[in-house]
Ligand SMILES: Nc1ncnc2c1ncn2[C@@H]1O[C@H](COP(=O)(O)OP(=O)(O)O)[C@@H](O)[C@H]1O
Ligand SMILES: [Mg+2]
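Numbering (our numbering), first residue to last: 57 to 307.
What follows is the structure in structure tokens.
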């Protein structure tokens, strides 16, 4: 089983778009997938039609709720979700006195009777607070979506340092699965330049697949469907399908 945290402290990088559509593309390729939505804003959950979920994940972090109680089926075969709750925004405060609050997700998942999934993907919030730390302590790999814009590169160096610190102190097994260029606009020179820069600086860590700017990806959540079901012939479907193949080849 691969456990992959989708992380970038910058909002609008493409984390949620990647979590939702990569999960669907992997499921379509025959993989069993669990998507954990750790963002209190719950965009990934909403995308799959899970709205204002009760207290599920919050109670898992703060009370005695078991992880298996927060897992639900989606309409997609082979895809389960642990949906977000707006209450998650209060987890930081609620756990202020907890010893090792960054360990909770890992402990809870380890108590599951079995692990039926090939992939667990975690959509993280745009902050490196306690929820993202839980993801990084539990996961063995990190996938970093980066918007193909020069401003996004600055934050990336900082993020890689943070991941290294987490690796040293909390999770020695943690590795970078890959950096994913998102919202690549083939029509602009700027976008191409950023892609070239990413290639030069991060070389083998950069996924060969990249995600092009595609309006269908922005429309799909309104229809509560991942891109492969919303518009099977879109560039978005092709790009996330390609990425799923690249991940499967990494196995
Ligand atoms: N490849 C893309 N093409 C077009 N719009 C995109 C693409 N990727 C993301 N977006 C849009 O950009 C915004 C931010 O993306 P999102 O995945 O929510 O980022 P994050 O979760 O990192 O904040 C959303 O409105 C989304 O619809
Ligand atoms: Mg998001």
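Note that beta-carbon positions come from the ideal geometry of N, C-alpha and C, so glycine has one too.
Cβ-based neighbour list, residue i, same chain, cut-off 6 Å, excluding 5 preceding and 5 following
i: residue 121; result: 115
i: residue 308; result: Since the first and last residues shown for the chain are 57 and 307, residue 308 lies out of range.
i: residue 92; result: 138, 178
i: residue 241; result: 247, 269
i: residue 293; result: 283, 284
i: residue 280; result: 105
i: residue 189; result: 158
i: residue 277; result: 103
Bridge partner(s) assigned by DSSP for residue i
i: residue 62; result: 179, 199
i: residue 136; result: 90, 129
Chain-order list of residues whose beta-carbon lies under 7 Å from that of residue i (same chain, five-residue window excluded)
i: residue 302; result: 263, 264, 265
i: residue 173; result: 57, 88, 89, 90
i: residue 255; result: 262
i: residue 218; result: 184
i: residue 272; result: 283, 286, 287, 290, 292
i: residue 85; result: 300, 304
i: residue 65; result: 182, 183, 184, 211, 215
i: residue 333; result: No information on residue 333 is available, as it lies outside the stretch 57 to 307 that the chain covers here.
i: residue 129; result: 136
i: residue 133; result: 83
i: residue 75; result: 62, 91, 100, 177, 179
i: residue 70; result: 201, 203, 238, 239, 267
Beta-carbon proximity list for residue i, same chain, < 8 Å, skipping 5 on both sides
i: residue 151; result: 117, 118, 157, 160, 186
i: residue 112; result: 121, 125, 126, 138, 139, 141
i: residue 222; result: 189, 192, 193, 230
Enclosing alpha helix (DSSP H) for residue i [first to last residue]
i: residue 292; result: 291-306
i: residue 115; result: 112-118
i: residue 274; result: 271-275
i: residue 284; result: 283-286
i: residue 149; result: 147-150
What are the complete beta strand (DSSP E) segments, minimum 3 residues, inside the stretch 64-99? 89-93
In chain order, which beta strand (DSSP E) runs of at least 3 residues are fully inside the stretch 165-195? 175-179
Could you tell me which whole beta strand (DSSP E) segments of length 3 or greater appear in the stretch 189-266? 197-203, 231-238
Whether or not the stretch 155-164 and the stretch 67-87 are in contact is what I'm after, with contact meaning three or more pairs of Cβ atoms, one per stretch, closer than 8 Å; do they touch? no
Do three or more CB pairs link the stretch 132-143 to the stretch 97-110 at distances below 8 Å? yes
Touching or not, the stretch 229-237 and the stretch 200-211, by the rule of three or more beta carbon pairs under 8 Å? yes
Would you be able to state if there are at least three C-beta pairs under 8 Å between the stretch 177-186 and the stretch 241-248? no
Below 8 Å, how does it come out for the stretch 217-234 and the stretch 192-200: are there three or more Cβ pairs, yes or no? yes
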